[in-house]
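Peer 1:
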Amino acid sequence: MRAWSLVGRWVGAGVVCLAVPAAGAAQTPAAQTPAGQSSPATRVSLADAVRLAVEHNHQLRAQRLNVDLSKADEITAALKPNPVFTSTNENFPVFSPNQLFSWENFANNQNYIEALSYVFERGGKREKRTLVAQDTTTVAGHTAADSERQLIFQTGQAFVNVLLAKSSLDLAQSDLKSFSNVVEVNRERVRVGDLAEADFLKITLQQLQFEQDVSAAEVALAQAKAALRQSLGFESVAEQFDVDGDLTFTKYTVTLDDLKREALATRPDLRAAQVGVKLAQDTEALAYGNRARDVTGEVEYDRAGDFNAVGFGFSIELPFHDRNQGNIAHSKVAVIQANEIEAQARTTVVTDVVNAFAAFQAADKLVSLFQSGYLTQAQQSLDTTTYVYQRGGGSLLDLLDAERTYRTTQLAYRQALAAYMTSVQQINQAVGKQVLQ
147 MRAWSLVGRW VGAGVVCLAV PAAGAAQTPA AQTPAGQSSP ATRVSLADAV
197 RLAVEHNHQL RAQRLNVDLS KADEITAALK PNPVFTSTNE NFPVFSPNQL
247 FSWENFANNQ NYIEALSYVF ERGGKREKRT LVAQDTTTVA GHTAADSERQ
297 LIFQTGQAFV NVLLAKSSLD LAQSDLKSFS NVVEVNRERV RVGDLAEADF
347 LKITLQQLQF EQDVSAAEVA LAQAKAALRQ SLGFESVAEQ FDVDGDLTFT
397 KYTVTLDDLK REALATRPDL RAAQVGVKLA QDTEALAYGN RARDVTGEVE
447 YDRAGDFNAV GFGFSIELPF HDRNQGNIAH SKVAVIQANE IEAQARTTVV
497 TDVVNAFAAF QAADKLVSLF QSGYLTQAQQ SLDTTTYVYQ RGGGSLLDLL
547 DAERTYRTTQ LAYRQALAAY MTSVQQINQA VGKQVLQ
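Just so we're aligned, residue 147 is where the sequence shown starts under my numbering, counting upward by one.
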């Protein structure tokens with residue numbers, strides 16, 4: 147019996163040794179991320195959010211592919227015409243089968259013409275087509291860069307909205323907790339007969355407003371995160387992700403003239419409009435080039451019976467009627483139109499900078515006003531009113547009014563901080579690069 151028990155122990159140990167590696171091997175793939183794929187981010191900063199948006203936003207990625215499409219069109223535009231081989235074979239006596247395979251008929255009666263032709267483009271068409279295609283690629287690149295500029299601003303704005311929603315939720319929860327303490331204190335006052343039941347009911351009903359504020363803030367936070375995740379690309383961040391950062395006020399010193407100068411030099415939409423003028427001019431040159439008629443040259447070998455010869459020829463269209471007048475007229479108007487679009491883009495750039503700078507100054511001034519003493523006054527008013535009321539020296543209306551004033555002031559301050567941070571992003575968007583970090 148002891149021997150069988152010993153054998154059983156050895157067998158059990160062997161089974162365990164075999165099972166452990168197998169279990170580990172089965173669990174390992176589930177804990178690993180597939181090769182070439184990064185796990186979704188669970189916490190993102192503003193810089194992370196911008197990077198993820200630029201890398202993963204599907205609309206921007208689709209826009210960038212226009213550059214690759216245009217580069218493919220460059221290849222097509224630069225191609226030369228293919229030579230054309232023509233083979234003409236005549237006088238096969240299909241209705242005289244006895245002669246069809248006769249060597250004498252093949253040598254003396256049948257005709258063979260083998261020709262090779264090539265179109266010689268005139269007017270510099272190929273070079274001008276290539277230049278127009280290259281201009282189109284440049285415009286596509288600037289357009290994609292402008293889409294990236296817009297996306298960066300939208301991402302920054304969405305990120306600030308999440309920060310505002312988190313801060314508002316923290317404020318609502320803090321207010322609810324503070325007022326709940328007031329409710330508990332007054333519940334004790336009712337118990338000892340220091341407060342009327344009717345007044346206590348008014349206080350408890352007021353607590354419902356604070357609870358509603360918390361619920362609304364939670365919904366706003368969820369919606370703000372969903373909007374941010376849409377900009378970043380849903381697969382780039384985890385479903386329950388969070389953001390790093392707080393609503394802050396950083397003082398910047400910038401001048402309107404400097405911002406205008408930077409914007410006129412760097413805005414990709416303006417640069418796209420400027421290249422659009424060159425594209426229209428090169429398209430006009432191509433229209434004039436297409437007015438020149440191409441020449442088709444041909445060489446051929448002729449065999450008619452026992453007669454062998456070499457020939458040549460050419461063909462050219464005679465431009466009596468169609469001299470590409472319509473396309474030339476169209477391209478002339480397009481040049482004028484492109485200049486108008488470039489002028490409008492320049493005006494838009496300056497207007498965007500002026501508007502962004504005005505919003506930046508207004509937000510700066512408003513935050514400074516809050517920080518100059520209004521926040522402290524609202525806090526002191528609430529603390530004093532609460533202290534007096536809890537000791538029976540103030541009215542319920544005074545307490546509720548102080549709570550309302552404090553909550554309104556704090557919420558307005560947070561909104562002012564968010565507006566200031568958004569105005570910083572708007573400055574960067576208007577200029578076309580990160581001038582305020």
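Virtual Cβ for every residue (Gly too), placed ideally from N, Cα, C.
1. Where do the N-terminal and C-terminal ends of the alpha helix (DSSP H) with Ser185 fall, by residue?
2. For the putative contact between Val190 and Val383, defined by C-beta atoms under 8 Å, what is the C-beta separation to the nearest angstrom?
3. How long is the line joining the alpha carbons of Asn235 and Glu267, rounded to whole angstroms?
4. Where do the N-terminal and C-terminal ends of the alpha helix (DSSP H) with Thr396 fall, by residue?
5. Would you mind working out which of Leu402, Thr401, Thr394, Ala368 sits nearest Gln386, comparing C-alpha positions?
6. By alpha-carbon positions, which one of Leu262, Ser242, Leu192 ends up nearest to Ser233?
7. Would the stretch 213 to 223 and the stretch 278 to 291 be scored as touching if the rule is three or more Cβ pairs under 8 Å?
8. Please list the segments of the alpha helix (DSSP H) lying wholly inside the stretch 512 to 546, counting only runs of 4 or more residues, in order along the chain.
9. Going by the beta-carbon positions, is the gap between Asn501 and Gly379 smaller than 8 Å?
10. Using C-beta distances below 6 Å, list every residue in its chain close to Ser151, excluding the 5 sequence neighbours before and after it, in chain order.
11. Measuring CA to CA, which of Leu464, Leu315, Ala562 is closest to Phe505?
12. Can you tell me which of the three DSSP states Arg189 falls into?
13. Assuming Asp359 is part of the alpha helix (DSSP H), what are its boundary residues?
14. I'd like to check one pair, Ala318 with Ala373: are the Cβ atoms closer than 8 Å?
15. Please report the residue range of the alpha helix (DSSP H) in which Gln91 lies.
16. How is the alpha helix (DSSP H) around Phe305 delimited, first residue to last?
17. Counting Cβ pairs closer than 8 Å, one from the stretch 300 to 316 and one from the stretch 222 to 232, do we hit at least three?
18. Using only alpha-carbon positions, find the residue among Tyr264, Val495, Thr429 that is nearest to Ile482.
19. Could you tell me which residues DSSP pairs with Ser382 in its beta bridges?
20. Since Lys271 contacts Asn454 with CB under 8 Å, what's their CB separation in whole angstroms?
21. Do you know how far the Cα of Asp388 is from the Cα of Thr188?
22. Could you check what DSSP says for Asn228 in three-state terms: helix, strand or coil?
23. Count the CB pairs spanning the stretch 524 to 532 and the stretch 464 to 476 that are closer than 8 Å, and state whether there are at least three.
24. According to the Cβ coordinates, are Ala491 and Leu402 closer than 8 Å?
25. Decide yes or no for the touch test of the stretch 352 to 366 against the stretch 561 to 576: beta carbon pairs closer than 8 Å, at least 3 of them.
26. What is the C-beta distance between Ala431 and Lys274, in whole angstroms, given that I count them as a contact (C-beta under 8 Å)?
27. Tell me the rounded alpha-carbon separation between Asp510 and Leu410.
28. Can you have a look at Gln280 and say buried or exposed, based on whether 16 or more other CB atoms are within 10 angstroms of its CB?
29. Where does the unbroken beta strand (DSSP E) through Gly578 begin, and where does it stop?
30. Taking the beta carbon of Glu201 as the centre, do at least 16 other beta carbons fall within 10 Å, making it buried, or is it exposed?
31. Give the single residue among Leu206, Asn307, Thr276, Leu405 whose Cα lies nearest to the Cα of Asp392.
32. I think Phe238 touches Gln256, with their Cβ atoms under 8 Å apart; what is that distance to the nearest whole Å?
33. What residues match up with Arg449 in a beta bridge as DSSP calls it?
34. Expressed to the nearest angstrom, what Euclidean distance is found between the alpha-carbon atoms of Leu578 and Val423?
35. Quick one: residues in its chain with C-beta nearer than 8 Å to the C-beta of Arg560, no 5 flanking neighbours on either side, listed in chain order?
36. So, with DSSP's three-state summary, where would you put Phe503?
Peer 2: Considering the structure as presented:
1. Residue 185 sits at position 39 when you count from the first residue of the sequence shown. Neither: Ser185 is in no alpha helix (DSSP H) and is coded neither H nor E.
2. In the sequence shown, counting from the first residue as 1, residue 190 sits at position 44. In the sequence shown, counting from the first residue as 1, residue 383 sits at position 237. 6 Å between Cβ atoms; contact.
3. Here residue 235 corresponds to residue number 89 of the sequence shown, with the count starting at 1. Here residue 267 corresponds to residue number 121 of the sequence shown, with the count starting at 1. Near 30 Å, if we compare the C-alpha coordinates of Glu267 and Asn235.
4. One-based indexing of the sequence shown puts residue 396 at position 250. No alpha helix (DSSP H) holds Thr396; DSSP gives it neither H nor E.
5. Translated into positions along the sequence shown, residue 386 becomes position 240. Checked all of Leu402, Thr401, Thr394, Ala368; the closest Cα to Gln386 is Ala368.
6. As a position in the sequence shown, residue 233 is number 87, starting the count at 1. It is Leu262.
7. yes
8. 521 to 536
9. Along the sequence shown, read from residue 1 onward, the residue named residue 501 stands at position 355. Along the sequence shown, read from residue 1 onward, the residue named residue 379 stands at position 233. Not a contact, by the Cβ cut-off of 8 Å.
10. Against the sequence shown, residue 151 aligns to sequence position 5. Any reading at Ser151 needs caution, since the residue's pLDDT is 40, under 50, leaving its predicted position unreliable; the model's value is listed next. Once the five neighbours on either side are set aside, Ser151 has no close Cβ partner at all.
11. In the sequence shown, residue 505 corresponds to position 359, counting from 1. Before going further, note that residue 505 is Ala rather than Phe in the sequence given. Of the listed residues, the one whose Cα sits closest to Ala505 is Ala562.
12. Reading the sequence shown from its first residue, position 43 is the one you call residue 189. Arg189: strand per DSSP, three-state reduction.
13. On the sequence shown, residue 359 is found 213 positions in, with the first residue counted as 1. That run of the alpha helix (DSSP H) goes 343 to 378.
14. Residue 373 sits at position 227 when you count from the first residue of the sequence shown. Residue 318 sits at position 172 when you count from the first residue of the sequence shown. No, the pair does not count as a contact, with Cβ atoms beyond the cut-off.
15. What the structure shows of the chain is the stretch from 147 to 583, and residue 91 is not part of that stretch, so it cannot be assessed.
16. Locating residue 305 in the sequence shown gives position 159, counting from the first residue. Counting along the chain, the alpha helix (DSSP H) containing Phe305 begins and ends at 271 to 337.
17. no
18. Counted from its first residue, the sequence shown places residue 482 at position 336. Residue Thr429 is the option with its Cα nearest to Ile482.
19. Position 236 of the sequence shown, counted from the start, is the residue given in the question as residue 382. DSSP lists no partner for Ser382.
20. By one-based count along the sequence shown, residue 271 stands at place 125. By one-based count along the sequence shown, residue 454 stands at place 308. That belief does not hold up - the Cβ atoms of Lys271 and Asn454 are roughly 37 Å apart, past 8 Å.
21. For the purposes of this step, residue 188 is identified with residue 42 of the sequence shown, where counting begins at 1. For the purposes of this step, residue 388 is identified with residue 242 of the sequence shown, where counting begins at 1. Taking the straight line joining both Cα atoms gives about 6 Å.
22. Mapped onto the sequence shown, residue 228 falls at position 82. Reduced to three states, the DSSP call for Asn228 is coil.
23. no
24. What you label residue 491 is simply residue 345 of the sequence shown in a count that begins at 1. What you label residue 402 is simply residue 256 of the sequence shown in a count that begins at 1. Result no, Cβ atoms of Ala491 and Leu402 do not sit closer than 8 Å.
25. no
26. Residue mapping note: residue 431 aligns to position 285 of the sequence shown, counting from 1. Residue mapping note: residue 274 aligns to position 128 of the sequence shown, counting from 1. With a Cβ gap of about 5 Å, Ala431 and Lys274 count as contacting.
27. Walking along the sequence shown from the start, residue 510 turns up at place 364. Walking along the sequence shown from the start, residue 410 turns up at place 264. Rounded to the nearest angstrom, the two C-alpha atoms are 25 Å apart.
28. By 1-based counting over the sequence shown, the position of residue 280 is 134. Classification of Gln280: buried, given that the 10 Å Cβ count is 16 or more.
29. Here residue 578 refers to the residue found at position 432 of the sequence shown. Per DSSP, Gly578 belongs to no beta strand (DSSP E) and is neither H nor E.
30. Taking the first residue of the sequence shown as position 1, residue 201 is located at position 55. That one is exposed.
31. The sequence position of residue 392 within the sequence shown is 246, counting from 1. Among Leu206, Asn307, Thr276, Leu405, the Cα nearest to that of Asp392 belongs to Asn307.
32. Looking up residue 238 in the sequence shown gives position 92. Looking up residue 256 in the sequence shown gives position 110. Yes, they are in contact, since the Cβ atoms of Phe238 and Gln256 sit about 6 Å apart, within 8 Å.
33. By 1-based counting over the sequence shown, the position of residue 449 is 303. According to DSSP, Arg449 bridges with Tyr258, Asn454.
34. In the sequence shown, counting from the first residue as 1, residue 578 sits at position 432. In the sequence shown, counting from the first residue as 1, residue 423 sits at position 277. It is Gly, not Leu, that sits at residue 578 in the sequence shown. C-alpha separation (whole angstroms): 21 Å.
35. Residue numbering aside, residue 560 sits at position 414 when the sequence shown is read from its first letter. Result list for Arg560: Leu310, Ser313, Ser314, Leu317, Leu393, in chain order.
36. Start at 1 with the first residue of the sequence shown, and residue 503 comes out as number 357. Three-state DSSP puts Phe503 in a helix.
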